[in-house]
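Participant: Count the sequence shown with the working numbering and you get residues 1 to 72, in order.
Where a beta carbon is used, it is the ideal one built from N, C-alpha and C, also for glycine.
The structure is given below, and queries will be raised subsequently.
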Amino acid sequence: MRRSDNESVFPCADCGAETAAALERGFAIDTETVICFDCAMQRGGHWDEERALWSREPDILGLVPLLDPAHR
Ligand SMILES: [Zn+2]
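Below you can see the structure in the form of structure tokens.
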């Protein structure tokens, strides 16, 4: 059973934990690729509580070679 798009849950691209990006402050790399909050923080991301956004994006190098068209 698929949930609605608002509740989309994807495995963290780093540790594999199920992450609902919109609800749990995961960092969305693209529409179907997220990393969980903990991994994003470990990778140098900075979460701005007041604005509810990543004021500094985590380093996602090495996580998503699939995003590079040259590797397709
Ligand atoms: Zn993770």
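What is the residue span of the beta strand (DSSP E) that D38 lies within?
Facilitator: That residue, D38, is in no beta strand (DSSP E); its alpha helix (DSSP H) goes F37 to Q42.
Participant: Keeping to the same chain, check which residues put their C-beta closer than 6 Å to that of V34; ignore five residues upstream and five downstream.
Facilitator: Taken in chain order, the residues that qualify are F10, T19, A21, G26 and A28.
Participant: Helix, strand or coil for E24? Go by DSSP, reduced to three states.
Facilitator: Note: E24 maps to helix in three-state DSSP.
Participant: Whole angstroms are fine: how far does the CA of T31 sit from the CA of H46?
Facilitator: Spanning the two alpha carbons is a distance of roughly 20 Å.
Participant: Beta-carbon of I60 versus every beta-carbon of chain D: anything under 8 Å?
Facilitator: Considering every chain present, this structure includes no chain D. It has just one protein chain.
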